[in-house]
Amino acid sequence: MPAGAPPATVPAMTSVGQFIMVLLGLVLLVCGILFAVIGVWAMTAHSPGAWKVAVVGFAAAIIGGALVKSALRRRDEPKA
Numbered sequence: 001m002p003a004g005a006p007p008a009t010v011p012a013m014t015s016v017g018q019f020i021m022v023l024l025g026l027v028l029l030v031c032g033i034l035f036a037v038i039g040v041w042a043m044t045a046h047s048p049g050a051w052k053v054a055v056v057g058f059a060a061a062i063i064g065g066a067l068v069k070s071a072l073r074r075r076d077e078p079k080a
């Protein structure tokens with residue numbers, strides 16, 4: 001970057017991008033909760049690999065929730 005040049009800015013996310021992030025986040029959240037519940041249920045039935053399904057489900061739910069929260073936060077930011 002040459003001296004005296006204005007700092008580079010990141011363009012705001014478009015509404016299509018926000019929609020895709022919210023949709024992907026909701027899918028991950030719902031499927032993650034479903035996988036977590038199925039994994040916990042299978043652990044009570046003494047299935048040997050059920051804990052892996054539960055861990056993946058919880059992780060997907062956390063990632064999905066973070067995507068939804070970050071996409072909605074960007075939309076609510078004041079425009080300058």
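Everything in the sequence shown is counted per my numbering, starting at 1 for the first residue and increasing by one.
Ideal Cβ positions, reconstructed from N, Cα and C, are used throughout, including at glycine.
This structure is a prediction, so every number in the text was calculated from the model and none was measured.
Close beta carbons around residue i, own chain, < 7 Å, minus the five adjacent residues each side
i: LEU67; result: MET21, LEU24, GLY25 and LEU28
Rounded C-alpha distance that separates residue i from residue j
i: LYS69; j: THR14; result: 16 Å
i: GLY49; j: VAL16; result: 39 Å
Same chain only: Cβ atoms within 8 Å of residue i, ignoring 5 sequence neighbours per side
i: TRP51; result: GLY39 and MET43
i: VAL89; result: Missing from the structure shown is residue 89; the chain here goes from 1 to 80 and no further.
i: VAL37; result: GLY57
Residues of its chain near residue i, where Cβ-Cβ distance is below 6 Å and the 5 sequence neighbours each way are ignored
i: GLY64; result: GLY25, LEU28, LEU29 and GLY32
i: ALA45; result: none
Cutoff 8 Å: residue i Cβ touching any chain D Cβ
i: SER15; result: This model lacks chain D altogether, as it is built from one protein chain only.
Inset, instruction - Check whether the segment 23-33 touches the segment 59-69, taking contact to mean three or more Cβ pairs, one atom from each stretch, closer than 8 Å. - result: yes
Inset, instruction - Give, in chain order, every unbroken run of the beta strand (DSSP E) that is at least 3 residues long and sits entirely within the segment 36-78. - result: none
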